[in-house]
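Same order as they appear, the protein sequences are chains A and B.
Okay, so the first sequence: first residue is 111 according to this note's numbering, each after it adds one.
Okay, so the second sequence: first residue is 111 according to this note's numbering, each after it adds one.
Take a look at the structure below.
There are 2 protein chains.
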Amino acid sequence: MLTERRESLLGLVVDEYVATALPVSSRALVARHRLGVSPATVRNELAKLEDEGYITHPHTSAGRVPSDRGYRYYVEVLMTEEPLQRDEARTIAHQFHQAERSLDEWLTLAAAVLASAVTNAVVVTRPRSPLPRIRNVQLVQLRTDAALLVAVMDDGAVRERVLPLSAPAEQAALHARAERLGEHVIGRAAARIRREAETIEDAELAAAAIAVAELAEEHRSWQETFLEGLPALLAQPEFATGERMLDAVRRLESYEVGRLLQVAEPDAVGDTRVVIGSENPDAEMQDWSVVVSRYGDDDAIGTLAVVGPTRMHYERTIPRVRFVAALMGSLLHESRA
Amino acid sequence: MLTERRESLLGLVVDEYVATALPVSSRALVARHRLGVSPATVRNELAKLEDEGYITHPHTSAGRVPSDRGYRYYVEVLMTEEPLQRDEARTIAHQFHQAERSLDEWLTLAAAVLASAVTNAVVVTRPRSPLPRIRNVQLVQLRTDAALLVAVMDDGAVRERVLPLSAPAEQAALHARAERLGEHVIGRAAARIRREAETIEDAELAAAAIAVAELAEEHRSWQETFLEGLPALLAQPEFATGERMLDAVRRLESYEVGRLLQVAEPDAVGDTRVVIGSENPDAEMQDWSVVVSRYGDDDAIGTLAVVGPTRMHYERTIPRVRFVAALMGSLLHESRA
DNA sequence: GGTTAGCACTCTCCACCGTCGAGTGCCAGC
DNA sequence: GCTGGCACTCGACGGTGGAGAGTGCTAACC
């Protein structure tokens with residue numbers, strides 16, 4: 111248990127370090143915050159905080175730096191979230207409406223907007239259902255020997271594939287065929303469709319059903335995440351040297367926020383979690399913090415995350431992630447309503 | 111006009127500098143290539159080459175570095191392209207087949223494969239027609255009060271949009287409506303559809319036609335380019351300091367190869383062009399080279415480009431860009447054939 | 001007991017300096 | 001035209017030393 115004074119000092123150390131990226135000295139704390147005590151006293155307190163693991167020391171004659179534990183305490187107990195100003199919220203909402211209708215554009219836009227609001231990188235995944243069911247299928251005439259199979263999933267995804275035709279067919283015939291296909295696939299998920307396809311006698315229809323199943327499974331294989339705000343992140347002092355920066359780029363290229371959510375308890379949509387440094391199960395992410403949120407509804411859930419150094423402005427970041435996630439959720443809902 | 115010996119020396123300087131990123135000294139040239147003359151002689155020749163602008167000098171006591179003009183001469187006259195080894199070609203072709211059917215996945219995969227083959231960044235744009243015409247439209251039932259409008263363009267793009275319905279409609283009725291809509295839009299480009307829409311009496315049909323026109327125009331607004339190979343690029347010695355690296359990231363985030371193609375004469379598909387340093391009209395790209403190619407066919411043309419420092423392995427890069435562009439073209443054709 | 005001034009100690013940062021080595025450019029001689 | 005020799009220039013490197021920033025400790029004070 112921390113004394114009140116130590117708590118408040120820890121808070122000041124975090125605030126100061128987050129703002130400046132420089133180790134915080136006892137003198138600086140006294141000078142900037144009229145604490146009513148001398149630097150020596152502050153030093154004693156900081157030493158205790160260090161004993162208890164909340165802060166560290168890069169080297170003897172350096173100031174204090176928060177440890178992961180210190181940040182955790184800060185996030186859990188000390189911090190008061192900094193709400194969005196009315197015009198900040200308005201600006202973000204406004205930028206969202208710049209998007210055209212494409213889902214991917216929305217996603218990258220959302221990521222970019224959030225990234226610039228928190229000056230860190232943002233990773234976002236497409237909203238999807240764990241086991242999407244087919245909502246509708248249609249066949250569109252393409253040429254005489256091929257049609258386009260279009261499948262609409264219940265998570266809103268629309269996927270298509272060219273389907274060869276054994277014999278030329280008019281659009282009307284294709285429509286009828288899609289109708290029959292629908293009887294076998296609508297309302298079902300991929301696995302069930304595959305099973306059912308085996309019972310279909312018409313070989314061409316069975317092939318189409320298999321194709322639908324494949325479309326339903328497609329999202330797994332294909333890259334689902336968008337990354338934005340790389341320059342904002344890399345401009346931070348922790349990546350000042352070429353070596354560290356290159357490292358950061360490599361790491362982010364392959365980072366999957368999805369894993370984070372699996373490691374922890376599945377959260378309710380709207381909940382926002384913070385993973386600080388060594389709390390991250392990924393060994394390569396020990397210097398990073400991630401603020402994750404889910405967005406969407408029952409049909410489709412996506413992930414939105416800010417990624418940056420542990421020295422992160424949690425007070426600002428957390429409410430902004432929450433805000434954007436909520437905004438995305440409602441826009442997503444609206445677009446499908 | 112360069113003497114034969116100067117030419118060959120220029121070639122050696124380029125090769126050496128490209129390989130090592132270190133200014134090339136007269137002694138190194140003699141030591142490594144049994145030139146039959148002494149370093150002093152080479153120095154005289156290099157001085158002449160410098161007078162004529164083919165190479166430069168970072169400072170008095172440094173070796174020689176090719177200038178943009180030197181690279182240009184090298185690319186135009188000196189270099190012999192390094193053809194792909196059989197197994198290299200096979201590996202690349204094989205990697206291509208890893209892709210699922212999604213076009214975007216193909217594109218990023220192609221970019222990544224090429225990037226790793228030439229250890230530089232690669233930018234690729236979606237194939238598209240300058241003025242796509244509608245090949246087919248279809249309406250898919252979504253809910254009772256909304257249908258999904260699916261439009262297939264002649265460049266292979268499939269775009270969809272949710273269309274509100276004034277009154278509930280069965281799939282059969284939607285099919286009939288799509289048929290009528292098709293009479294107004296198939297084979298036409300956006301502008302013509304807009305004009306024609308004004309003459310349609312049925313307001314709901316007219317609205318649908320407008321929506322089709324908007325879909326046809328959609329590609330302009332939404333980001334069309336994919337970037338891969340960033341880490342490979344940034345690992346190059348020219349970006350060793352954090353400052354330069356950050357600069358490079360910022361620059362690439364916003365770089366549009368498309369502009370390059372507009373500046374120069376429009377090339378035939380399959381042609382590969384090289385833009386070296388100051389030849390680039392973009393003032394911020396004076397230290398970069400770009401090897402661009404187009405791929406596709408009459409229906410849809412895309413751009414594929416390697417981007418890197420002027421110190422680029424042109425001998426390897428150019429044939430590899432050409433190869434991948436050709437491969438993409440044929441796969442694209444195949445997928446729509 | 002908590003607080004404080006004072007001071008020794010540690011460590012980083014930076015500027016300075018001299019040396020070394022790598023290259024060139026030029027000249028005189030072959 | 002080629003070459004060896006040599007003076008000259010410049011960057012890279014390593015060591016040194018001082019300045020500055022901080023801490024930790026101790027002894028005194030309230």
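We treat Cβ as the ideally placed atom computed from N, Cα and C, and that holds for glycine.
Only a predicted model underlies this, so the values are computations on that prediction, with no experimental measurement involved.
Let me make sure I understand the geometry here. Which of the options has the alpha-carbon closest to that of residue i?
i               : options                        : result
R298 of chain B : B:S276, B:A326, B:V402         : B:A326
L284 of chain B : B:Q346, B:A318, B:E162         : B:A318
T190 of chain A : A:F206, A:N154, A:Y424         : A:Y424
L315 of chain B : B:T420, B:I244, B:V295         : B:V295
P237 of chain B : B:A321, B:E192, B:D407         : B:D407
A150 of chain B : B:L442, B:E270, B:S440, B:S135 : B:S135
E338 of chain A : A:I428, A:W216, A:E394         : A:W216
V185 of chain A : A:V401, A:D397, A:T335, A:G412 : A:V401
L159 of chain A : A:L145, A:E117, A:A199, A:Q195 : A:E117
M263 of chain A : A:T229, A:N246, A:E334, A:A222 : A:N246
R196 of chain B : B:F433, B:L442, B:H443         : B:F433
F336 of chain B : B:L122, B:E192, B:L362         : B:L362
L371 of chain A : A:A321, A:L275, A:T413         : A:T413
R269 of chain A : B:L224, B:D214, B:H443, B:N390 : B:D214
T420 of chain A : A:S177, A:M111, A:S171         : A:S177
So, does the CB of residue i fall closer than 7 Å to a CB anywhere in chain B?
i               : result
G439 of chain A : no
M355 of chain A : yes
R243 of chain A : no
E285 of chain A : The sequence shown places His at residue 285 of chain A, rather than the Glu named in the question. It does: the Cβ of H285 of chain A has a partner Cβ on chain B nearer than 7 Å.
L258 of chain A : yes
R304 of chain A : no
L275 of chain A : no
Q396 of chain A : no
Q208 of chain A : no
R360 of chain A : yes
V295 of chain A : no
Quick check on residue i - is its C-beta less than 7 Å from some C-beta in chain A?
i               : result
P341 of chain B : yes
E270 of chain B : yes
A452 of chain B : Since the first residue shown for chain B is 111 and the last is 447, residue 452 of chain B is missing from the structure and cannot be characterised.
N154 of chain B : no
N246 of chain B : yes
L213 of chain B : no
Q251 of chain B : yes
V228 of chain B : no
L344 of chain B : yes
V232 of chain B : no
V379 of chain B : no
Using DSSP bridges, identify the partner residues of residue i.
i               : result
A256 of chain B : B:R253, B:P274
R243 of chain A : A:A299
L414 of chain B : B:V234, B:S403
F336 of chain B : B:V234
V175 of chain B : B:T166
Q248 of chain B : B:V260
W398 of chain B : B:P419
Mapping the DSSP letters down to three states, classify residue i as helix, strand or coil.
i               : result
P419 of chain A : strand
R269 of chain B : strand
R383 of chain A : strand
T309 of chain A : coil
Q346 of chain B : coil
A131 of chain A : coil
A141 of chain B : helix
M263 of chain A : strand
P193 of chain A : coil
Q205 of chain B : helix
V70 of chain B  : No statement about residue 70 of chain B is possible, as the shown extent of chain B runs from 111 to 447 and does not include it.
T229 of chain B : coil
E289 of chain B : helix
T113 of chain A : coil
P341 of chain B : helix
S212 of chain B : coil
S445 of chain B : helix
Give me the Cβ distance between residue i and residue j, rounded to the nearest whole Å; I'm assuming they're in contact under 8 Å.
i               : j               : result
A435 of chain B : G380 of chain B : 7 Å
L356 of chain A : A345 of chain B : 6 Å
P133 of chain A : R179 of chain A : Incorrect: roughly 17 Å between the Cβ atoms, too far for contact.
A410 of chain A : G266 of chain A : 6 Å
A323 of chain A : R304 of chain A : 5 Å
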